[in-house]
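Visitor: Residue numbers (full-length UniProt numbering): 1 to 855.
Quick reminder that beta carbons are idealized off the backbone N, C-alpha and C, glycines included.
Below you will find the structure I want to go over with you.
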């Protein structure tokens, strides 16, 4: 057989191999794959996770047995040195010569390193491959390396910044442009993203042109100093260049293939280059003068290329949508189409809420009937809906701004209204029609759809719309759609709750014996553990229950990224005595803990080792504190303003009510965490309308708001009932919370629960206020039983030496693990000293004296 040669085994090169096998090209050609890297293809989309698990196998994409079975030869650590299009021969980096019938170039790209003096220092790195990451880890392993700078504020730059934060370094982002993510976001969106990232402790410097990197040698405080064009300096120990990519087209250039003016191998709609039988795909390819830097267009090229070689000439590449939704350092960002509004005469509709950190913009045609682009920062809940409107040219509502305004009933682009041509998964270019066809061919579950179409196996951003499409199609065919929690229980979370209640079930073993099968898993165990706690509120570290708890509940503390735990005592309503404040300070000082006053009016103590937790909590319990349940899916805090006690505007005692409510519902376990807010007047200083339960005092009583949150899907709470006396208010909250606990899905916030509830807010009001289901007394009684069963879990734990053994680092020794290293002081941007000015040869002026908050 003649040779089909593939150069490059990255994500796109590997996808071509998958498509080649699917097209049975391995039965026509002897396929050779050459990769300069020493390992098979791996998932670069999740490359930053390597800093957490440091296990390359978790990123692996290649099933070597599958390659071998198909007769595909993978040459690792052997790239291409040159090729000759006329003779159809190539020479590898190891000097081997092969002839080819077809050649596919999937050489990808290389990171651009700005040509500044000093960029070759040993502590300067790029962020592209696992080998690059290993080099970064080796540098960061030096205990003197405390600070890191990322040069570049685009997608990859912010991913790199996340990696440095994960490594515990004081992190800076330096961007030449005046804003972050200039390609995807407009100026306002970029500014908000900058603020959000700075709120996470990363210092962002925009409009900075690095001119020189100065080697400070090993005897100075820092390894490197960056000199900027404006004369300012920045000390650092590590620099990561992530300033963009360049197509890897060197061999193509040497071989005479046609290249673009600024690089990139020119291809046509068939992915063929200027030479017959030679193709280019992915980031090395230039189509219509565009280089696509996302994986989804590369996958499409790979599919087209495989089809063309297989003789399916109707398959063509006609460009790709560059819309993207992602989470950068915990910040939700979405960009669709013409985000900058460059199309002539377009209209822009903007919504911005600086209080909640949300920015949304729609760009429409001049008649406002079609969506041309969108920007979303801080809230991407509307992304899927907007993307389908954009991709399918669907008419916008009469008032397009309704699509982004809060507290407005938005037209929902239900999956049943989408055409079959609508692309649901952009990573693998899977349309709604393909999912419908998969259901016709027997796909019955989400996993079936993923397996046969690849939908949702890339970035995962399309998971919900794929699931919704599957459910919609199954219902159309008259097939019952089951909401089983996992393979061990053929029940939904709500059904499991009722089984526990009705059957008076107290342990997981009893539950699985009566209603399930097998041994259970990481999904059903904590879910049932949470249900048991909601129903009976037993001590969660008792032997029948402790194995069901996740890491946080198992150690009664919230684990942090460095493996230590936070200690969060309850401070009901934010009210605290001077004596208790002194105790918190003394504990933080004596145990070397980082202290943070939270938005929930508590004091968090960070950095406690497992073995320190009992000693810390013993001192806190003795001082009158109790656990704040910051580790549980339960009530966290009841935030309050000072109310009528102190404030001249206050019309009722918000602090007193907040304390009463927090003490009433403390320890209440639920499908997800719950937060309250109580404001003493309509000025809303406690931000009650952003909470699961919000209460605002008026001249006529209390107004009750429900189902708000400020989490990953920010949502304003809705007015539930007005002008309530305190007794009625508490009664309604009892019923509401217990109804949520009974009917909520696993890990479902109240906001999502309300959105999914058939009948919406009005139905919940009928149940809670008007007792439409006749269960009001039952809900109140169950809540009271839960309240009566409350215990401080740390106080109970401290009373039993046997239970305290779980907090030792070593079973047979009192020694502790001292491998945790803390950064005590952050560096700062500084002016140049007189000596440095003389070395630099110009006047270096002060840029800033701000210090980032501790990691």
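For residue 480, which residues from the same chain have a beta carbon less than 7 Å from its beta carbon, with the 5 sequence-adjacent residues on both sides left out?
Guide: Numbered from its first residue, the chain shown carries residue 480 at position 480. For residue 480, where only same-chain residues beyond five positions count, there are no Cβ hits under 7 Å.
Visitor: With DSSP run on the structure shown, which of helix, strand or coil describes residue 127?
Guide: Counting from 1 along the chain shown, the entry for residue 127 is found at position 127. DSSP places residue 127 in coil when its eight states are reduced to three.
Visitor: With respect to 7 Å, is the separation between the Cβ of residue 553 and the closest non-hydrogen atom of the ligand ZN below this value?
Guide: Only the bare structure without any ligand can be found here, which leaves the ligand ZN out of the picture.
Visitor: Buried or exposed: where does residue 528 fall if 16 or more other Cβ atoms within 10 Å of its Cβ makes it buried?
Guide: Counted from its first residue, the chain shown places residue 528 at position 528. So residue 528 counts as buried.
Visitor: DSSP puts residue 227 in a beta bridge; with which residues?
Guide: One-based indexing of the chain shown puts residue 227 at position 227. Note: residue 227 sits in a beta bridge opposite 212, 233.
Visitor: How close, in whole Å, do the beta carbons of residue 296 and residue 336 come, if the pair is a contact with beta carbons under 8 Å?
Guide: Sequence index remark: in the chain shown, residue 296 carries index 296 (1-based). Sequence index remark: in the chain shown, residue 336 carries index 336 (1-based). So it is not a contact: roughly 14 Å between Cβ atoms.
Visitor: Taking the C-alpha atoms as reference points, what is the distance between residue 11 and residue 44?
Guide: Residue 11 sits at position 11 when you count from the first residue of the chain shown. Residue 44 sits at position 44 when you count from the first residue of the chain shown. Approximately 7 Å between the Cα atoms of the pair.
Visitor: When DSSP labels each residue in this structure, what does residue 555 get in the three-state scheme?
Guide: Locating residue 555 in the chain shown gives position 555, where the first residue counts as 1. It is coil, neither helix nor strand.
Visitor: Tell me which residues share the same chain as residue 258 and place their Cβ nearer than 6 Å to its Cβ, disregarding the 5 neighbours each side in the sequence.
Guide: What you label residue 258 is simply residue 258 of the chain shown in a count that begins at 1. If we look at residue 258 and ignore the five residues flanking it on each side, its Cβ neighbours are 266, 274.
Visitor: So, residue 376 versus residue 355, is the Cβ gap smaller than 8 Å?
Guide: Here residue 376 refers to the residue found at position 376 of the chain shown. Here residue 355 refers to the residue found at position 355 of the chain shown. No, the Cβ-Cβ distance between residue 376 and residue 355 is not below 8 Å.
Visitor: What are the start and end residues of the beta strand (DSSP E) that includes residue 718?
Guide: One-based indexing of the chain shown puts residue 718 at position 718. Residues 718-724.
Visitor: Pop quiz: residue 571 and residue 553 are said to be a contact at Cβ under 8 Å. What is the actual Cβ separation, rounded to whole angstroms?
Guide: Working through the chain shown from its first residue, we reach residue 571 at position 571. Working through the chain shown from its first residue, we reach residue 553 at position 553. At roughly 21 Å, the Cβ-Cβ gap does not stay under 8 Å, so residue 571 and residue 553 are not in contact.
Visitor: If we ignore side chains and look at the alpha-carbon of each, how far apart do residue 617 and residue 186 end up?
Guide: Reading the chain shown from its first residue, position 617 is the one you call residue 617. Reading the chain shown from its first residue, position 186 is the one you call residue 186. Looking at the two C-alpha atoms, the distance is approximately 48 Å.
Visitor: Given that a residue counts as buried once 16 or more other Cβ atoms are within 10 Å of its Cβ, and exposed if not, what is residue 502?
Guide: For this step, residue 502 is matched to residue 502 along the chain shown. When all chains shown are included, residue 502 counts as exposed.
Visitor: Is the region 580-597 touching the region 185-204, taking contact as three or more C-beta pairs under 8 Å?
Guide: Cβ pair count under 8 Å is below three, so no.
Visitor: Which value, in whole angstroms, describes the spacing of the CA atoms of residue 836 and residue 402?
Guide: As a first step, residue 836 must be located in the chain shown, where it is residue number 836. As a first step, residue 402 must be located in the chain shown, where it is residue number 402. Residue confidence for residue 836 is low, a pLDDT of 47 falling below 50, so the modelled location carries little weight; the figure read from the coordinates is stated next. If I take the Cα positions, the gap works out to 56 Å.
Visitor: Rounded to whole angstroms, what's the CA-CA distance from residue 485 to residue 749? Just pull it up for me.
Guide: Sequence index remark: in the chain shown, residue 485 carries index 485 (1-based). Sequence index remark: in the chain shown, residue 749 carries index 749 (1-based). Approximately 17 Å between the Cα atoms of the pair.
Visitor: Could you give the C-beta distance for residue 706 and residue 680, rounded to a whole number, given that I count them as a contact under 8 Å?
Guide: Counting from one through the chain shown, the residue named residue 706 turns up at place 706. Counting from one through the chain shown, the residue named residue 680 turns up at place 680. Contact flag wrong, Cβ pair sits at about 19 Å.
Visitor: Mapping DSSP to helix, strand and coil, what is residue 132?
Guide: Taking the chain shown and counting its residues from 1, the one referred to as residue 132 is at position 132. If DSSP states are grouped into helix, strand and coil, residue 132 belongs with the helices.
Visitor: Between residue 464 and chain B, is there a C-beta pair that is closer than 8 Å?
Guide: Of the chains in the structure shown, none is chain B; there is only one protein chain.
Visitor: Taking its Cβ as the centre, do 16 or more other Cβ atoms sit within 10 Å of residue 649, making it buried, or is it exposed?
Guide: As a first step, residue 649 must be located in the chain shown, where it is residue number 649. Answer is exposed; the Cβ neighbour count stays below 16.
Visitor: I'd like to know if the region 271-291 and the region 389-396 are in contact, where contact means that at least 3 CB-CB pairs between them fall below 8 Å.
Guide: With the cut-off at 8 Å, the region 271-291 and the region 389-396 do not touch.
Visitor: Could you give the uninterrupted runs of the beta strand (DSSP E) lying entirely in the UniProt domain "Nitrite/sulphite reductase 4Fe-4S" (632-749), keeping only those of 3 residues or more?
Guide: Fully enclosed beta strand (DSSP E) runs of 3 or longer: 635-640, 674-679, 693-698, 701-706, 718-724.
Visitor: Under the rule that 16 or more other beta-carbon atoms within 10 Å means buried, what is residue 622, buried or exposed?
Guide: Looking up residue 622 in the chain shown gives position 622. With fewer than 16 other Cβ atoms within 10 Å, it is exposed.
Visitor: Comparing C-alpha positions only, which one of 87, 174, 242, 252 sits nearest to residue 235?
Guide: Position 235 of the chain shown, counted from the first residue, corresponds to residue 235. Of the candidates 87, 174, 242, 252, the one whose C-alpha sits nearest the C-alpha of residue 235 is 174.
Visitor: Quick check: the Cα distance between residue 551 and residue 379, rounded to an integer number of angstroms?
Guide: Your numbering for residue 551 matches position 551 in the chain shown. Your numbering for residue 379 matches position 379 in the chain shown. Approximately 29 Å between the Cα atoms of the pair.
Visitor: Look at the alpha carbon of residue 272 and the alpha carbon of residue 93, and state the distance between them as a whole number of angstroms.
Guide: Locating residue 272 in the chain shown gives position 272, where the first residue counts as 1. Locating residue 93 in the chain shown gives position 93, where the first residue counts as 1. Looking at the two C-alpha atoms, the distance is approximately 24 Å.
Visitor: With DSSP collapsed to three states, give me the class of residue 521.
Guide: Position 521 of the chain shown holds residue 521. In this structure, residue 521 counts as coil in the three-state DSSP scheme.
Visitor: Which ranges does the alpha helix (DSSP H) cover as unbroken runs of at least 4 residues, wholly within the region 455-495, from first to last along the chain?
Guide: For the region 455-495, whole alpha helix (DSSP H) runs of length 4 or above, ordered along the chain, are 463-476.
Visitor: Using the three-state DSSP reduction, which class does residue 515 fall into: helix, strand or coil?
Guide: Start at 1 with the first residue of the chain shown, and residue 515 comes out as number 515. Here residue 515 sits in helix by DSSP.
Visitor: Would you kindly work out how many angstroms separate the C-alpha atoms of residue 682 and residue 802, rounded to a whole number?
Guide: What you label residue 682 is simply residue 682 of the chain shown in a count that begins at 1. What you label residue 802 is simply residue 802 of the chain shown in a count that begins at 1. Using only the alpha carbons, I get a separation of about 51 Å.
Visitor: Could you tell me if residue 799 is buried or exposed, where buried requires 16 or more neighbouring beta carbons within 10 angstroms of its beta carbon?
Guide: Position 799 of the chain shown, counted from the start, is the residue given in the question as residue 799. Residue 799 should be labelled exposed.
Visitor: Taking the alpha-carbon positions, what's the residue 739 to residue 627 distance?
Guide: For this step, residue 739 is matched to residue 739 along the chain shown. For this step, residue 627 is matched to residue 627 along the chain shown. Straight-line Cα distance between these residues: approximately 25 Å.
Visitor: So, is residue 38 buried or exposed, given that buried needs 16 or more other C-beta atoms within 10 angstroms?
Guide: Within the chain shown, the letter at position 38 stands for residue 38. Label assigned to residue 38: exposed.
Visitor: Does the region 159-167 come into contact with the region 209-217, if we say contact requires no fewer than three beta-carbon pairs (one atom in each stretch) closer than 8 Å?
Guide: Segments in contact, no.
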